[in-house]
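> Position 605, counted from 1, in the sequence shown is what this note's numbering calls 822; the numbers after and before it change by one each time, with no gaps. Before anything else, here's the structure in question.
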Amino acid sequence: MNPQLRQLLRNLVLACRADLESATARYLEGKLTIFERNQHLIGDPNASTAHLTDNERQLRTDILADLAGDLSKYRYLVRETAFTWLNRLVAFKMLESRKLIRETINKWEDSNGFRRWVGEQDQALADYERGGEYRTQTYRQFLFVQCEQLAQEIRVLFDIDNLPSRLAIPMNELRGIVQKLNAEDLKDAWQYEETLGWVYQDFNELELEPLRGLSNYKVPTELIPAKTQKFTPNWIVKFLVHNSLGRLWLEMHPDSQLAQNLDYLVPFENNQQIPLKTVREIRLLDPACGTMHFGLVAFDLFVQMYHEEITHQGSAGWLDEPPVQNEIDIPASILAHNLHGIDIDLRAVQIAALALYIKAKTVNKNTSITASRLACAHVQMANGEQLRDFLEQSGLSDQPIYQRIFQALQTELKKSAQLGSLLPLEQTISRIVQQEREELEASILRWQEIPQELLARQNFWEQLEHHINQALGKFTHSQTQTFFAKETVKGLKLLELLDQTYDVVVANPPFLDSRDMNDELKNLIDGYYPDAKRNIYAPFTLRCIDFLEPSGRLGIITGQTFMFIKSFEQFRQKISNQNHIETLLQFDYGLFDGVRVDTSAFILCREEGKEARENHTGIYFRLVKEPTATAKRERFEQALANLRANRPDPAVYRYHQADFAAIPTSPWVYWITPTLRNLFKDLKRMGDDTAICIGMRTGDNFMFLRFWWEVGTEKIAFNCDSAQTAQATGKRWFPYMKGGSFQRWYGNQEYVVNWENDGSEIKQNTRMNYPQLGSNLGWKISNEKYYFRRGVT
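Given below as structure tokens:
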């Protein structure tokens, strides 16, 4: 998408959001008398509703019950209604442009899909012919019919029973939105798969307004998705998918033609063939899937893999009879078996479901979508009273396994809004399941209707979900119970995905420094991931590794800071103890437009053998000089071409994984020469014979530091060798090494510090700013015994 079209799309999304939110708020106030005034939610449950129809009266009751007087929930409802309707209208445009549905909104009431539907419905035709408001309401009915039909295959977005659908946004407002979508200069936007991702990101842009211009701002729970989302450049997605999923397939089938389509596959000398799997058995997970950008690229590879499996069946090295035989079944099989995604934001899951649906229907419009493997990681479980009612009314109260699982879900899923897929929910449930299985060895009375052989792990969740879904269906009567049932199903679906292992995991996880985390999130990360708490991408990396099958691959984008600094030492060690690094791109800054963040992208392969890990040689690309994503892509493509042609390239490095250990804390400095690395092996380390410590910190450089020419040399005490000799001079200023601009050998002796009377003013200032220190100032004024001694800095 070119920059001009990209800007037009952004402007469209922001304008549509404003219009839809305004229309929703006006309907809530004008029709249902629910509104916001002076930071308070107004909505009297006992207000007169004589002007409302029965359906509107029930809607008002259900909304008030859902909001429970909470203004934030009201704002959330307005926002989600706007987002849901914008996504639906965008979906109609994208489906129309691919001729996957009859024309629905392209010409409003003159759309051929609407005219054909009217001609087939006697009552609709009669209302249409009456004209005026009747014609408008008939068109509204048609839009809901379209949503209902699509909901059969993509319910998460087109569910007509949820509150956003039941809110009747005025048709003249919807007409205005559709006119914007139908603008001639936007027609090309509906052809791009990436459009859905940009719609999601642009819609969330306003959520970040409270954070702009603020420092040391702790990101609240509801803003975590908006704050941490980054649209991944398509070439990076391809690099990670091609070198994980693509390489896996080539290792199983060295004669595959898929390699011809893997533009960013890095060649290795140590490729090995691995045991065969059917394509349907290969599982890929994106645990922070956003709009499923990785899944869309992987989808194309899976289609080719299914085709090859059908074409080569019975040949040497291929299956005799693959489980998927018909091409029409391939897209549905990919969604039901291969692609798995989790996101903390339900809006992202909606977009992801739509993107995959469009992709599947584009491949084969006649395929029938029966299942998908997407889960929202933010689940709002029922309160204790609702849970007791459900267990009693559904007949499950006398079966302890259900009680324990629901109670565990109820407790653990409260953390899901903060952690998303980082929540190790399956570990809690596994303990419960193990206890139940131990009891079942003696008695299976609790599961009489289930053959004991089905209690194997691979069937357990299928049976459990079947029983609980049956119970939920019987229990669902009121809107409140419907919400409980839907959230419970969400929790079970999330748990199912968390409890599996995967052949491939790919991710562009959130980037959020620990100093920006809210207190609850920070405490949870500290508790679950103590060795990876500096930035949230680190625990995501470890979580992704946990999801891997033996010999599974992880393709991930992270910061680059973890590669070097000491505070990530344990994190690097955990990675190296379980995986070998196959290939890595180091970008420094410039990969993401409009965001200043350092990045790297790499492929890890799960490897249990220590010797195999340490003997592995990875291929590294150093792309730190190129200022933009485009320049980095072009430089990488050049370096990759040289690598494939066996030509030397200064951006390409090969590095033996065991050699990282030569340098203390094992930083990933893959570009250093063997000569330099051997110095660390052969020479004594400075720390073996020398004290290494933090020097003086003034706490206020503006107050206590000066350039030497500001005070004059006659007021500076030089060559003091101890605190005593310094104090004896009676002078105020002393030389202070603070660093400065680049100097090859010597220099930067520019500053002097006020250390008069043994630093009395600095110490007094420290006591004033940190009264909790009392007389123990060592936390801020560190290692005072080394002041005035000769050293290296």
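Every residue, glycine too, gets a C-beta built ideally from N, C-alpha and C. Since we're looking at a predicted model, the values are computed, not measured.
Thinking SER939 and PHE1005 are a contact (beta carbons under 8 Å), I'd like their distance in whole angstroms, please.
Within the sequence shown, the letter at position 722 stands for residue 939. Within the sequence shown, the letter at position 788 stands for residue 1005. The pair is a contact, with the Cβ atoms about 5 Å apart (cut-off 8 Å).
> Just the C-alpha distance for GLY991 and LEU303, rounded to the nearest angstrom, thanks.
Walking along the sequence shown from the start, residue 991 turns up at place 774. Walking along the sequence shown from the start, residue 303 turns up at place 86. Whole-angstrom Cα-Cα distance: 59 Å.
> Hey, which unbroken runs of the alpha helix (DSSP H) at 4 residues or more fall wholly within the region 531-579?
Taking only runs of at least 4 residues, the alpha helix (DSSP H) segments lying wholly in the region 531-579 are 547-550.
> Give me the Cα-Cα distance between LYS750 and PHE877, rounded to the nearest whole angstrom.
Mapped onto the sequence shown, residue 750 falls at position 533. Mapped onto the sequence shown, residue 877 falls at position 660. Looking at the two C-alpha atoms, the distance is approximately 22 Å.
> Do you know how far the Cα of LEU552 is from the Cα of ILE586?
For the purposes of this step, residue 586 is taken as the residue at position 369 of the sequence shown. For the purposes of this step, residue 552 is taken as the residue at position 335 of the sequence shown. Distance between the alpha carbons of ILE586 and LEU552: 8 Å.
> Put ILE880 into one of helix, strand or coil per three-state DSSP.
Numbered from 1 along the sequence shown, position 663 holds the residue referred to as residue 880. DSSP places ILE880 in coil when its eight states are reduced to three.
> Do you know whose CA, among ASP236, TYR351, GLN366, SER328, lies nearest ILE394's CA?
Translated into positions along the sequence shown, residue 394 becomes position 177. That would be ASP236, whose Cα lies nearest to the Cα of ILE394.
> Can the beta-carbon of VAL647 be found less than 8 Å from the beta-carbon of LEU640?
Numbered from its first residue, the sequence shown carries residue 647 at position 430. Numbered from its first residue, the sequence shown carries residue 640 at position 423. According to the sequence as given, residue 647 is Ser; it is not Val. Cβ atoms of SER647 and LEU640: not closer than 8 Å.
> Kindly indicate which three-state DSSP category ASP287 falls into: helix, strand or coil?
One-based indexing of the sequence shown puts residue 287 at position 70. Coil, per DSSP.
> Since GLY637 and THR508 should fall inside the 8 Å C-beta cutoff, what is the C-beta to C-beta distance between them, to a whole number of angstroms?
Here residue 637 refers to the residue found at position 420 when the sequence shown is read from its first residue. Here residue 508 refers to the residue found at position 291 when the sequence shown is read from its first residue. With 8 Å as the limit, GLY637 and THR508 do not qualify as a contact, their Cβ atoms being about 15 Å apart.
> So, for LEU312: in the same chain, excluding its five sequence neighbours on each side, which residues have a beta-carbon less than 6 Å away from its beta-carbon?
The residue labelled residue 312 in the question sits at position 95 within the sequence shown. Once the five neighbours on either side are set aside, the close Cβ partners of LEU312 are ILE318.
> Where does VAL970 sit, in a helix, a strand or coil, going by DSSP?
For the purposes of this step, residue 970 is identified with residue 753 of the sequence shown, where counting begins at 1. Here VAL970 sits in strand by DSSP.
> Can you give me the C-alpha to C-alpha distance between TRP325 and PHE359, rounded to a whole angstrom?
Residue mapping note: residue 325 aligns to position 108 of the sequence shown, counting from 1. Residue mapping note: residue 359 aligns to position 142 of the sequence shown, counting from 1. Approximately 11 Å between the Cα atoms of the pair.
> If you compare alpha carbons, which of GLU390, CYS233, ARG296 is closest to LEU563?
Counting from 1 along the sequence shown, the entry for residue 563 is found at position 346. With distances taken between Cα atoms, LEU563 lies closest to ARG296.
> DSSP three-state call for GLU799: helix, strand or coil?
As a first step, residue 799 must be located in the sequence shown, where it is residue number 582. In the structure shown, GLU799 sits in a strand (DSSP, three-state: E or B).
> How big is the Cα-Cα spacing for GLY956 and GLN966?
Locating residue 956 in the sequence shown gives position 739, where the first residue counts as 1. Locating residue 966 in the sequence shown gives position 749, where the first residue counts as 1. The straight-line gap from Cα to Cα measures roughly 8 Å.
> In chain order, what residues of the same chain have a beta carbon less than 7 Å from the beta carbon of LEU367, not counting five sequence neighbours either side?
Position 150 of the sequence shown, counted from the start, is the residue given in the question as residue 367. PHE375, listed in sequence order.
> From the DSSP output, in three-state form, read off ASN752 for me.
Taking the first residue of the sequence shown as position 1, residue 752 is located at position 535. In the structure shown, ASN752 sits in a strand (DSSP, three-state: E or B).
> Count the CB pairs spanning the region 720-736 and the region 461-469 that are closer than 8 Å, and state whether there are at least three.
They touch, by the three-pair rule.
> So is VAL1009 buried or exposed if we call it buried at 16+ other beta carbons inside 10 Å?
Counting from 1 along the sequence shown, the entry for residue 1009 is found at position 792. VAL1009 comes out exposed.
> Label GLN874 either buried or exposed according to how many other C-beta atoms from any shown protein chain fall within 10 Å of its C-beta, with 16 as the threshold for buried.
To locate residue 874, count along the sequence shown from 1; it is residue 657. Buried: at least 16 other Cβ atoms inside 10 Å.
> Is ALA515 near LEU501, with beta carbons less than 8 Å apart?
One-based indexing of the sequence shown puts residue 515 at position 298. One-based indexing of the sequence shown puts residue 501 at position 284. Yes. Within cutoff.
> Would LYS898 pass as a contact of ALA879 if the rule is Cβ separation under 8 Å?
What you label residue 898 is simply residue 681 of the sequence shown in a count that begins at 1. What you label residue 879 is simply residue 662 of the sequence shown in a count that begins at 1. Yes, the pair counts as a contact, with Cβ atoms nearer than the cut-off.
> Among GLN221, LYS827, GLN474, which residue has its Cα nearest to the Cα of HIS529?
Within the sequence shown, residue 529 is the residue found at index 312, counting from 1. The shortest Cα separation from HIS529 among GLN221, LYS827, GLN474 belongs to GLN474.
> Less than 8 Å between C-beta atoms, sequence neighbours within five positions excluded: which residues of the same chain meet that for TRP996?
The residue you call residue 996 lines up with position 779 of the sequence shown. Once the five neighbours on either side are set aside, the close Cβ partners of TRP996 are TYR987, LEU990.
> Apply the 10 Å Cβ neighbour rule to MET920 and answer buried if 16 or more other Cβ atoms are within range, or exposed otherwise.
Sequence index remark: in the sequence shown, residue 920 carries index 703 (1-based). Label assigned to MET920: exposed.
> Suppose contacts are defined by Cβ-Cβ distances below 8 Å. Is LEU729 in contact with THR445 by that definition?
Here the question's residue 729 lines up with position 512 in the sequence shown. Here the question's residue 445 lines up with position 228 in the sequence shown. Contact flag set, yes.
> If I follow the unbroken beta strand (DSSP E) through THR528, where does it start and stop?
Taking the first residue of the sequence shown as position 1, residue 528 is located at position 311. Run containing THR528: none in the beta strand (DSSP E); it sits in the alpha helix (DSSP H), 510-528.
> Taking ASP720 as part of the alpha helix (DSSP H), name the residues at either end of that continuous run.
Along the sequence shown, read from residue 1 onward, the residue named residue 720 stands at position 503. From DSSP, ASP720 is part of no alpha helix (DSSP H) but of the beta strand (DSSP E) over 719-724.
> Which of helix, strand or coil does DSSP assign to LEU821?
As a first step, residue 821 must be located in the sequence shown, where it is residue number 604. In this structure, LEU821 counts as strand in the three-state DSSP scheme.
> Which class does THR270 belong to by DSSP, given the choice of helix, strand or coil?
Against the sequence shown, residue 270 aligns to sequence position 53. Three-state result, THR270: coil.
> Whole angstroms is fine: what's the gap from LEU671's alpha carbon to ILE753's?
Here the question's residue 671 lines up with position 454 in the sequence shown. Here the question's residue 753 lines up with position 536 in the sequence shown. Low confidence applies to LEU671: its pLDDT is 42, below 50, so where it sits in the model is not reliable enough to give any reading.
> To the nearest angstrom, how far is the alpha carbon of LEU738 from that of THR495?
If you number the sequence shown from 1, residue 738 lands on position 521. If you number the sequence shown from 1, residue 495 lands on position 278. Going by the C-alpha atoms only, they are around 40 Å apart.
> Work out the CA separation of TYR872 and GLU486 for me, nearest whole Å.
Taking the sequence shown and counting its residues from 1, the one referred to as residue 486 is at position 269. Taking the sequence shown and counting its residues from 1, the one referred to as residue 872 is at position 655. Cα to Cα, the separation comes out at about 13 Å.
> Measure how close the beta-carbons of ARG839 and TYR870 come, nearest whole angstrom, since I'm counting them as under 8 Å.
As a working mapping, residue 839 is identified with position 622 in the sequence shown. As a working mapping, residue 870 is identified with position 653 in the sequence shown. At roughly 7 Å, the Cβ-Cβ gap stays under 8 Å, so ARG839 and TYR870 are in contact.
> Report the three-state DSSP secondary structure of HIS459 (helix, strand or coil).
In the sequence shown, counting from the first residue as 1, residue 459 sits at position 242. In this structure, HIS459 counts as helix in the three-state DSSP scheme.
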